[in-house]
Each structure stands twice: as structure tokens, then as C-alpha cells.
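In the UniProt record's numbering, the protein residues as written are 1 to 231. C-beta atoms are modelled at their ideal positions from N, C-alpha and C, and glycine is treated no differently.
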């Protein structure tokens, strides 16, 4: 007879997570769009690269906690994303975050539940937002990316949309002037047969770096000679 309260069952399994744009989310995005117009001049480039339907992973550089706002406001589709589990400890924040498509990830070690939920998001043909660096660069340039985004794309066989975000680190600093934030949709990257996670990660990050100002490219400032050249 199975044990119902097995310690192996992740408590997140008992919670309800969204795979659609809820009315709460639609209302919040509309409100945020109008609020951010006050201090942000959002410029979007390459929007035609973004698929209108089907599962896709958006992989962006990560400078500040505000990155998620221009990321979502530039997308024509709702975005679902991991958020650090500490944010879900407050009951009100927990409900709000789950209703806008966020799901918790434990940052200590490999979180198998979060990876499973990310795959479930893609199986619902939704947009999954990822920051391959895993943490904010705080304006010091791109840091060495982890391979989780590439591995997920390879396992789910979905395209990756590299996204470059420029200017989010200047939020509120130029008020009452609106500060310009530029979001660039790079050409999508499709996992190829024989890809390994590290090489695919490098393809993603060099694509992002190529669309950032030189001072933001960090460890991906110089592409190795012959990198990405077909054999």
C-alpha cells in the first residue's frame, strides 16, 4: 500500500501552477505596460524572429531584477519563468507569482522538480524565459553561462530565442527623463543532432553578446576563430 505522505513527494506537486495567461496576469501586464511608459522608452528590434506559436525558450542576459519586465513587455505572448524559491515564502506573493506564470526553483544544487516543470511548460507549447548566466551580472558584463538552458532545449527539442536586453540597469536613475531600454530578438537557434550542451550554450551566449555593447559582453567578448563555422 503506497504511503500518501512520503517525504519523497515534493510539496510543490500539491500546488496549482498556470500554463495559460490568467485574467490576473493580463490585467497586471496591461497595468505594468502603462506604468513603465512613465520612465521607460522601450525599443524592440528583431520582433519578426519570434515565433507566434509553439514552444520556445527565450534566453536573455541578466543584469538586474528588472530584466523580466522589458522581457515580458516586448513579447507578444505570455512568458513563464523560474523564480527563486525565497520569493514564494510570502503567501500573497506565492499566489500572485503562480498566477503570472512563475514557478519556484531552489538554487542550491540541481532542482529536478523545477526542470520537470519547465519541460511541462514547453509541453503546453508556451514560452519559457531563462537566464543562462544563472545570476545577475550587475553591469559587469556577461558571466560564464550554465548549460541548463541548452540541455533543456535539446531534451525538449525546441528552438531557443536569444534575447539581448540593454539599459535595464538604468531604471529610475534618469527620472524624470525616460531611460531607453532596447530588447533585441536574435535569430532563433535550433538544437542540432550531435550538439553537446556546452557548444550549444556558447552559440546562445555569443549570439547575445554580438548584440550587446562591447562593455556588456564580458567573457563572451571575443568569439574563438572558426567558432560556428560549418564542418
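Nearest candidate by alpha-carbon position, reference residue 216, set 142, 110 and 114: Start at 1 with the first residue of the chain shown, and residue 216 comes out as number 216. Answer by Cα proximity: 142.
Three or more C-beta pairs closer than 8 Å, one from the stretch 55-64 and one from the stretch 195-211: is that the case here? Contact holds: three or more Cβ-Cβ distances are below 8 Å.
Just to confirm, is the Cβ distance from residue 38 to residue 173 under 9 Å? Position 38 of the chain shown, counting from 1, holds the residue named residue 38. Position 173 of the chain shown, counting from 1, holds the residue named residue 173. Cβ atoms of residue 38 and residue 173: not closer than 9 Å.
Measure the alpha-carbon distance for residue 168 versus residue 70 and round it to whole angstroms. Mapped onto the chain shown, residue 168 falls at position 168. Mapped onto the chain shown, residue 70 falls at position 70. Taking the straight line joining both Cα atoms gives about 8 Å.
Between which two residues does the alpha helix (DSSP H) carrying residue 10 extend? Position 10 of the chain shown, counted from the first residue, corresponds to residue 10. First-last for residue 10: undefined, no H or E at that position.
Report, in whole angstroms, the separation of the C-beta atoms of residue 82 and residue 68, which I expect to be a contact under 8 Å. Within the chain shown, numbered from 1, the residue matching residue 82 stands at position 82. Within the chain shown, numbered from 1, the residue matching residue 68 stands at position 68. Beta-carbon to beta-carbon, residue 82 and residue 68 are separated by about 11 Å, too far to satisfy the 8 Å threshold.
Would the stretch 82-97 and the stretch 189-196 be scored as touching if the rule is three or more Cβ pairs under 8 Å? Verdict: no, contact absent.
Are the beta-carbon atoms of residue 33 and residue 73 separated by less than 9 Å? In the chain shown, counting from the first residue as 1, residue 33 sits at position 33. In the chain shown, counting from the first residue as 1, residue 73 sits at position 73. In contact: residue 33 and residue 73 (Cβ atoms closer than 9 Å).
Are the beta-carbon atoms of residue 159 and residue 146 separated by less than 9 Å? Counting from one through the chain shown, the residue named residue 159 turns up at place 159. Counting from one through the chain shown, the residue named residue 146 turns up at place 146. When the beta-carbon positions are compared, residue 159 and residue 146 stay at least 9 Å from each other.
In angstroms with no decimal places, state the Cα-to-Cα distance between residue 16 and residue 223. For the purposes of this step, residue 16 is taken as residue 16 along the chain shown, with counting starting at 1. For the purposes of this step, residue 223 is taken as residue 223 along the chain shown, with counting starting at 1. Rounded to whole angstroms, residue 16 to residue 223 spans 43 Å at the Cα level.
Please name the residue, chosen from 94, 155 and 100, that lies closest to residue 254 on a Cα-to-Cα basis. Past the edges of the chain, shown from 1 to 231, lies residue 254, and the structure says nothing about it.
As assigned by DSSP and simplified to three states, the class of residue 88: Taking the first residue of the chain shown as position 1, residue 88 is located at position 88. Helix at residue 88.
Quick check on the DSSP output: the beta strand (DSSP E) that includes residue 57 runs from which residue to which? Locating residue 57 in the chain shown gives position 57, counting from the first residue. According to the DSSP assignment, residue 57 belongs to the beta strand (DSSP E) that extends over 56-60.
At which residues does the alpha helix (DSSP H) containing residue 27 begin and terminate? Within the chain shown, numbered from 1, the residue matching residue 27 stands at position 27. Start and end: 23-36.
What are the boundary residues of the beta strand (DSSP E) that residue 45 is part of? Mapped onto the chain shown, residue 45 falls at position 45. Note, residue 45: beta strand (DSSP E), 40-45.
Whole-angstrom C-beta distance between residue 121 and residue 80, which should lie under 8 Å: Taking the chain shown and counting its residues from 1, one reaches residue 80 at position 80. Taking the chain shown and counting its residues from 1, one reaches residue 121 at position 121. Confirmed, Cβ separation roughly 5 Å.
How many Å lie between residue 182 and residue 140 at the Cα? Position 182 of the chain shown, counting from 1, holds the residue named residue 182. Position 140 of the chain shown, counting from 1, holds the residue named residue 140. Their Cα atoms are separated by approximately 18 Å.
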